[in-house]
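Residue 316 is where the sequence shown starts when you use the working numbering, and the numbers rise one by one after that. Some notes on the structure that comes next.
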Amino acid sequence: MKLLIDAGNTRIKWALLAGEEWLHLAAVPSDQAHTLVARVAHLPAVNEVWASNVAGAEVARHIQAACASRGWQARFVSAQKKQCGVSNGYPSPEQLGCDRWAALIAAWHRIGKSTLVVNCGTATTIDALSDNGEFLGGLILPGIALMQSSVVATAARLQQGAGKYAAFPVNTADALWSGALQATCGAIQRQHELLGDAQAPVLLSGGAAQPLLELIKLPVYPVADLVLQGLKLIAREAMS
Numbered sequence: 316m317k318l319l320i321d322a323g324n325t326r327i328k329w330a331l332l333a334g335e336e337w338l339h340l341a342a343v344p345s346d347q348a349h350t351l352v353a354r355v356a357h358l359p360a361v362n363e364v365w366a367s368n369v370a371g372a373e374v375a376r377h378i379q380a381a382c383a384s385r386g387w388q389a390r391f392v393s394a395q396k397k398q399c400g401v402s403n404g405y406p407s408p409e410q411l412g413c414d415r416w417a418a419l420i421a422a423w424h425r426i427g428k429s430t431l432v433v434n435c436g437t438a439t440t441i442d443a444l445s446d447n448g449e450f451l452g453g454l455i456l457p458g459i460a461l462m463q464s465s466v467v468a469t470a471a472r473l474q475q476g477a478g479k480y481a482a483f484p485v486n487t488a489d490a491l492w493s494g495a496l497q498a499t500c501g502a503i504q505r506q507h508e509l510l511g512d513a514q515a516p517v518l519l520s521g522g523a524a525q526p527l528l529e530l531i532k533l534p535v536y537p538v539a540d541l542v543l544q545g546l547k548l549i550a551r552e553a554m555s
């Protein structure tokens, strides 16, 4: 049995995998990483732990401590030049976030052709895969919430409220919310155009993805837990 861990800036998610069967999925906010020792205490024994961590060194230490409390050793993944059929277009492959790398691997094994892989969280990432499994490159932009809060933080007369989407907003809260959504949709649609394949699917994941589904006029497919799925594939190849 394997324990797979996806430690992001906002949440730490983990899953138990027995063969091909997902047995347990849970999450905590990343600022509660210190509770992991207690949370793994009741898990069944595992033979492997694979982790993607972009939440920093302190979270990594908490993951290591939680695993050590059960006699396990965590293997932290990093982006490679080539892995699981995906080749990395970065000149320095290790500079690519391990979460993005794992998601790209999962997307390639799910789709097997040119694809946009979009994750909407604290930041929004828009990554492109070619028809031969090459990671062409990608964008990082502020997440939908961060776009709004950064405008409010630097504009003295603006106040953030609970906005609703409108094509032509007539109040500040709606204007901030709609502007963030439209900017994100515009970036996704522009990258899709540059990919040069009108039929290429867009795999959309992340906690902030839901509001975009009705606005993006492309073949969009919501997908949960792409990073965990990628960790599963990385672990499988490593042990084969």
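Beta carbons: idealized from backbone N, C-alpha and C, even for Gly.
Based on Cα-Cα distance, which residue from the options lies nearest to residue i?
i, options, result
"Gly511", "Val485, Ala553, Gly494, Leu431", "Leu431"
"Val361", "His339, Leu491, Lys396", "His339"
"Ala438", "Leu318, Ser464, Arg425", "Ser464"
"Gln395", "Leu491, Gly521, Ser407", "Ser407"
"Ala477", "Ser384, Gly448, Ala495", "Ala495"
"Ile455", "Ala498, Gln388, Cys399", "Ala498"
"Gly334", "Gln525, Leu319, Ala417, Val343", "Leu319"
"Leu530", "Ala422, Gly501, Ile420, Thr487", "Gly501"
Please state the DSSP three-state secondary structure of residue i.
i, result
"Pro359", "coil"
"Trp387", "coil"
"Asp489", "helix"
"Gly547", "One point to set straight first is that residue 547 is Lys, not Gly, in the sequence displayed. In the structure shown, Lys547 sits in a helix (DSSP, three-state: H, G or I)."
"Ile441", "strand"
"Gln395", "coil"
Please confirm whether residue i has its beta-carbon closer than 7 Å to some beta-carbon of chain B.
i, result
"Ala481", "Going by chain labels, chain B is absent from the structure shown, which holds only one protein chain."
Under 8 Å Cβ to Cβ from residue i, same chain only, skipping five residues before and after it: list those, please.
i, result
"Ser345", "Ala322, Gly323, Asn324, Thr325, Arg326, Ile327, Ala370, Val374"
"Gly436", "Gly323, Asn324, Thr325, Gly458, Gly521, Gly522, Ala523"
"Arg425", "Leu518, Val538, Gln544"
"Tyr480", "Asp489, Trp492, Ser493, Leu496, Pro526, Leu530"
Among the residues of its own chain, which have a CB less than 7 Å from the CB of residue i, if the five just before and after it don't count?
i, result
"Lys428", "Asp446"
"Pro490", "The identity of residue 490 in the sequence shown is Ala, whereas the question assumes Pro. Hits under 7 Å: Pro484."
"Ala372", "none"
The beta strand (DSSP E) with residue i in it runs from where to where?
i, result
"Val401", "401-403"
"His339", "336-344"
"Ala330", "326-333"
"Ala322", "317-322"
"Leu431", "430-435"
"Ile455", "449-457"
"Ser520", "517-520"
Along the chain, where does the alpha helix (DSSP H) that runs through residue i open and close?
i, result
"Asp414", "413-426"
"Val538", "Segment: none, Val538 is in no alpha helix (DSSP H) and carries neither H nor E."
Can you list, in chain order, the residues of its chain with a C-beta nearer than 6 Å to that of residue i? Leave out the 5 residues immediately preceding and following it.
i, result
"Ser520", "Asn434, Val538, Leu541"
"Ala330", "Leu319, Trp337, Leu340, Leu543"
"Tyr536", "Pro516, Leu518"
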